[in-house]
Every structure is written in structure tokens, then in C-alpha cells.
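Participant:
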Amino acid sequence: MAPTTRASPAPEEVAVWLRGRAAAAARAGHRALVILAGPHDWGRACAEAAGATVSAGAVLWVSDAVPEGAWSVTGPEARQLLGRETAHVVFDAHAGFNPDAFGAVAGTIRAGGLLVVLAPALAAWPAYPDPEYDRVTVPPCGVDELQGRFLARLVRRLQASPEADCIEAGQPLPELPATEEPEPRSDTDTPDSACRTSDQGHAVAAIERVAEGRARRPVVLTADRGRGKSAALGLAAARLLDKGFERVLVTAPTRDAVAPLFTHAAEQLPAAQARRERVALGEASITFVPADELARQHFHADLVLVDEAAGLPGPLLEALLRAHTRIAFATTRHGYEGSGRGFAVRFERVLDAVTPHWRRLTLETPIRWAPGDPLERFVFDALLLDAEAASDADVAGASARDATIAAIDRDALAADEATLRQVFGLLVMAHYRTTPGDLRNLLDGPNCRVWLARRAGAVVSACLTADEGALDDGLAEAVAGGERRARGHLLPQTLAFHGFDAPAASAPGRRIVRIAVHPACQGRGLGGALVEHVRAASERAGYAYWGAAFGAMPDLVRFFRHGVAAATSRILRRPRAGAGAGGDAGGRRSRRTPHGRDRARAAGGVPRGPATLRERRRRRLEGHVGDPRAGHGRRRHADDRRVGHEGATKEGLGERRRGRRLHGAKASARANAVGLIGASWRIAARKPCMNDPLRSRLPPLARAAWGVRRPERNGPASPGPALLSLRASTWLRGVSRGDRRHPLHRFRAVWGG
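Using my numbering, read the sequence shown as starting at 1 and increasing by one per residue.
1) What is the rounded straight-line gap between the Cα of H334 and the Cα of L420?
2) To the nearest angstrom, how far is it from the Cα of A104 to the Cα of D501?
3) Measure from the alpha carbon of G29 to the alpha carbon of each residue in F559, A370, G482, L443, then state which is nearest.
4) According to DSSP, H88 sits in a beta bridge with which residue or residues?
5) With 16 as the cutoff for other CB atoms within 10 Å, does A56 come out buried or exposed?
6) Could you work out which residue in C521, G170, A15 is closest to D394 when comparing CA atoms only?
7) Please decide whether V423 counts as near chain B, where near means a Cβ-Cβ distance under 7 Å.
8) Do V250 and L305 have their C-beta atoms within less than 7 Å of each other?
9) Judging by CA-CA distance, which residue of A271, P120, R275, S72 is the nearest neighbour of A259?
10) Check R110 in the structure and name its three-state DSSP category.
11) In angstroms, rounded to a whole number, what distance separates the CA positions of L151 and P126?
12) How far does the beta strand (DSSP E) with L464 in it extend, from its first residue to its last?
13) Would you say L439 and L384 are within 7 Å of each other, going by their C-beta atoms?
14) Closest to R110 by CA distance: which of R27, A121, F497 is it?
15) Near E12, which residues of its chain fall below 7 Å by C-beta distance, leaving aside the five closest residues on each side in sequence?
16) Give every residue of the same chain whose Cβ lies closer than 8 Å to the Cβ of D402, excluding the five residues on either side of it in the sequence, and list them in chain order.
17) If you reduce the DSSP assignment to three classes, tell me which class G474 lands in.
18) Between which two residues does the alpha helix (DSSP H) harbouring D444 extend?
19) For A232, which option in R377, F262, R216 has the closest C-alpha, if you only look at C-alpha atoms?
20) Using 8 Å as the Cβ pair cut-off and three pairs as the minimum, do the region 524-539 and the region 410-418 touch?
21) Got a sec? Which residues, its chain only, sit under 7 Å from F299 by beta carbon, not counting five neighbours each side?
22) Please name the residue or residues paired with L235 in a DSSP beta bridge.
23) Could you give the residue range of the beta strand (DSSP E) that holds A266?
24) Would you call G234 buried or exposed, if buried means 16 or more other Cβ atoms sit within 10 Å of its Cβ?
25) Helix, strand or coil for T53? Go by DSSP, reduced to three states.
26) Go ahead and pull the three-state DSSP assignment for E212.
27) Taking Cβ to Cβ, would you say A552 is nearer than 7 Å to L490?
28) I need the DSSP call for L36, collapsed to helix, strand or coil.
29) Nearest CA to the CA of R6: which residue from A169, E145, S198?
30) What separation, rounded to the nearest whole angstrom, lies between the Cα atoms of P492 and T404?
31) Can you check whether the CB of A462 is closer than 7 Å to the CB of L426?
Next comes the structure, spelled out in C-alpha cells:
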């Protein structure tokens, strides 16, 4: 007898169940997660039936196809919801599971709300062709090459979690959970009617003391989402204006991040004129200023407030700290937009050195929901927002001699929750903007590899690499000509575009994306040993080059110069003598002669003819200003002088005098990028930081040649890469010594060996 197929619950039945689940959550002061797993049409009908029973605008849809008149955002737009509240959210995973969007919308739901996820059947979800895969894949890999490790882990966490209610098509409705008793609040006495909890009141008072008390005593607020951190900043700013202070400046990684701050400040100042980025009360004001401007220019302020500080680079935070004597920082401890744990590890050392009397405050009590919220627990677990590196005790005494270094299979990593948590926790500590999206790239990225150094099961160092290059000839030519960009191929794109050479993008390479060493084990050779292992494995596998992209800060420059055996501070226009294909046994001097150049070209060292190279260089550098006298001192190539003269204009003479070394190096870089193809490259590159003051010295066309784009509406400038010749190694030595006046100090670099 054939088995009977059970009918799916009717949408009206599911809607009644959802209303009952929301009522139970409201009684406990919590939120709830509900998965509707099955055909898309069925899940959508259930969500629409439930939404029809609540007020208009109470349900936020995260999808690309929503009911008529519904409040909706797409996954990438979810960041705009910072600081806002919603009653219920319908998250359509059929349209793509964006981890950052999932974490963002979960934090907007208030007590008694539901996060309803429309998903494929749980058993089939890992193999589902998720539309988000288009963001994960890089050419020439296709969507069909992805393994779905992230979704497979997500399904395992859902099935094992008591915090998630799963309703599957073809299965009976589960019983409603018993009414939960809310956990008692440890923080119920609020000394201030405007503050929702007592620790929020203490935070407001501490911020006021920064402005009223002694200088150089900053305060740092840390909190998870929903604790009223941004509201505390806004309340404090409003009170300072009420007390007669004239100017409070506010900054953050984006303008959207401080919208809640201005909202709460305006609510406390009914007589003030409020706009999106400014609240004015007579002559006094609370004003948003981009972080790079606030650090670079002199602003008078009674107080500076930095919200979401973990989303700003460390050097920029240090510049703000040194530039302003009265400043308060606030950051999210476990945030989808970047973690405050890495901020704590790196920036607290700076605080100890610059302002030893700084103070830390942590807001523990949630405001939008009761303690012990099940949705918060699940989101932390599923997105590894609370992942921690191995404890200091577990890694004590670890060194390069006793660590086991190897690449780890990502299927095994996804199945080993303990190791995955250690790896991701270590990466969060090492980089100021690690998000749940990085977790998905780590598990699913088709060109990603994971390398670990472990001792006795504890991860002491981790490295992520990306296999790049090997582009087909058509795409490589388009990249070299500036017609297309190859997503996920930073180094080959840099070489091809700035070297005017398509074969550079056709050669396979490997880039170090992230490298992290446990803070308790730094300085013991672990990072260098791990990079050396990656280099050796890359050479054995036949890669043409390897490299890394990193911020050109003194400690990182020292590491890649001295901590990695293969690193070098030179660009070679052709492969080294005797080092693989295209090597010129005649040495460097012979290659400078016409006969030496012809011999190198015949051997494959220069892949393009001189006429082609000159024409490409002329078109790309048209309008560029260079100084033939600067850059490399007395030992200059003829190409350097020629490129310098090609771009010289009367208008540019003043620019050359003000930024002589800068333009000379730029001109040299353009010339020396030619012919970077072979088996043993030594490459170096830079790109200007968003707050680079030297950028303003460049004329418009040169600025465009550097690839510096205009700032995004809600973000900092987005710099593009440009090659830099480091043959004059004194430039790099200045950075290694930490000379802040040095032209390279605020630049980012790409190295390889």
C-alpha cells in the first residue's frame, strides 16, 4: 500500500498558530524565531495570512517580491534599519540568505515580535541554489561549484536549537511552547526618567563628565544591540546643550549609524531645529562630521562622540583620540556590522598609552526585550557573533617550533564547531570589520583556502587565502584595458591594469586575505611560519606568484619585511636571473641595454612589444603629472624620465614642487609595472587611505589615475589600488620607523614574493 502524503497546514491555521506564538513571547518579554520550511508559495501565503491580522506597517518584509503596499527592504538595504524598531519581520530565504541582513533585522524586533523565515524544506536547503551565491562566486568559478557548507551548518543549528520553532510543509503544526517566565531584570531602578535602565543612566552621566571634567579622560561604551548605547549618546549630547555647551560633534563609519543618536537628542530638545545630521538650539548644535575630516582638520568642539567605533580603522581612531581632548567612544560588542572585540584588543592599547585615565562602561541590560531572549541567543550562535579565540591558558607558550601548520579541509571545518569558533573568533580579533558575511565566504568561497597553526588542538594562528588569476584571455584583455573589473581578483587586476599587461591576469596566483595570530602568542614567529608555509605550498602547486594586501602601518610593514623570509622591498621589471621562465642570465645591467632588452623579450621576460607598451602607457597616463627628478635619486631608469616628461604640463609645475617625491614615485611605478610576468615576481603596490592628506596635492587627472573614487553617500572614500615601485627602499624604511611625516605612512600596500 502506497504511503499517504500528509497535507500541509492551511495558511489560516498557520496564521492562528503564529498569533499564539507572538502572544506567548510577549508575555515573557521575548522575541521568537519561526521557520516556515516548504514551497515558496505556501510559506508566503502563511505569512500574508498572519500579516493581515496586524496593523498596517507592523510587518517588515525582507525580500525582492513582497505583497502590495507592504513595508519592505532587500537584503543589502537592511543596514538602513540601524536604530529602528519593528513589530514582526518576514525574512524570505528563497530570495537569498544574506547573513548580514539576517543579523541586522533580528536586532530591530521588539519584545513580542516574530522573525518568520521562509525557507526551502530543511533537508533540501543546503543544496538550494541560493541567489546570494552570486555575491560569493568569483570568475571563473560558477555557482554550481559551491558546496553549501554555510547553509548546511545553519540547518544543523536550527534542528538542534530549542530557540527555533520549525513548521514544515506536509507535517502537523507543533504545539505552542509553554508560557515563559521572563528573567528578572537586575537593573530596574532608573535614576533618570529619560533613561530606560540604570546602566544607561550611568552611561549618560559618564559622557557628561567627559565634557565637564578634566581633559584627556575619555569614556568607552560597549554593549550588544538593543541596550540603548546610541540613545545614551544622544541623551548626553542634548543635556550638554541644555547646560550651555555650544558644540558637540558626532562621527561614525556611516551617517545612517548615527540616526538614532540624533532622533533621541531631538526628542529631548523640543525647541531645537532638527535635521538628519544636525540638531540646533540657538547658536549651539549637535553636528555630524565624517571621521576622516574630523581627524584631518581642526574643529573646535566641547565634546566629540564616536558611535560604532569598531567600524573605523585603528589609525583613524588613534588620530581622533590625539586630536580631541574630550571624546567618547561607543561600539557594539557583538555586531553584524563589525565586532567590538577586535576593537577592544587593538584600541585599548592605544588608550592606555595616550590617555591612561580612560574609563570603560558596559551596558548589559537589554531595553527592547527581556534578558535571556531566545532569538538573540540563536542569532549569536548561528552567525558566530559570540565566537571566541582559544583562551590564553590553552595557547600559553606556543611557538613556531611546536605548532602544527597545515591547510584544513573546509568540510571538516564546517563540521567541527569548536575549531570553527576558534578560527572565526581569531579573525574577529584581527580585523576591525569582520561580519557574518565573512563567515559565509570562509565556508563557501570557491577560491578560498584556510590554513591553521595549532598546538594541542588550540588554534594559535589562522590564514585565509584566495586563489586568483587564471582569467580567460578575453576577460584578461578587458581588465588590462580598464573596460572590466574582475571581482575577487585584486592582485592580478592590479598587475594587469597598472602594468598594461593582460597576461598578468592570466597567470594563477594566491593572495593572503587575512592572517591572524593569537594575541597571547604574537612575536614568536607563528605568523611568519604560517606565511612561509603558504608560500612554499603555493610554489609546489605551480602558482606564478603570491601576495597580500594590508594597511601600511609600521607593525604590518615590519612583519612583511622582516617576519616573512620571502618578502622584499623591490619591484623587478622582469624575473630574477635564473628564477624560472623568462629569467635573464645576463643580470640587471645587461637588461638595460637594447641588446639585453631584446634578449629578455625573446626569453619571455617582456610579453608585449615596445610599441604596444608605449601606446598603452601614453593612453593611460595622459594628463598625469610626474617629476623626472624625483623618486629614485641618481639611479633612474630612462623609462622613469620619459614617463615624467610625458605628463608634464604648465599647470602641474606647482603641484610637482609641492609633492615632488609623490609624483616621481607615481611616474616610476607606472613605468616599472611593465613586464611583471614570470615565475619569480617581486611585487609591491599601494593605494591611498580614505583620509590621506597628500591626496589633495594631486591634480584631478592624476587623482583619477590613482583610482581614488568619490566618497559614497553614507560611507568613506573607496580607494583603488595603484602600483608603487619600492626600489628606493628608504621610502619603506621611513614607514618601518613609524615616521608620521613619511608619505607612505597613511597608505595601504600590496606585497608579494
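Glycine included, C-beta positions come from ideal geometry on N, C-alpha and C.
On a predicted model such as this, the values are computed, not experimentally measured, just so you know.
Facilitator: In short, the structure shows the following:
1) 17 Å
2) 42 Å
3) A370
4) V59
5) exposed
6) C521
7) Absent from the structure is chain B; it holds one protein chain and no more.
8) yes
9) R275
10) coil
11) 5 Å
12) 458-469
13) yes
14) R27
15) A49
16) R455
17) helix
18) 436-444
19) F262
20) no
21) L249, V289
22) Answer is none; L235 lacks a bridge partner.
23) Note, A266: premise wrong, no beta strand (DSSP E); alpha helix (DSSP H) at 259-268.
24) buried
25) coil
26) helix
27) no
28) strand
29) A169
30) 31 Å
31) yes
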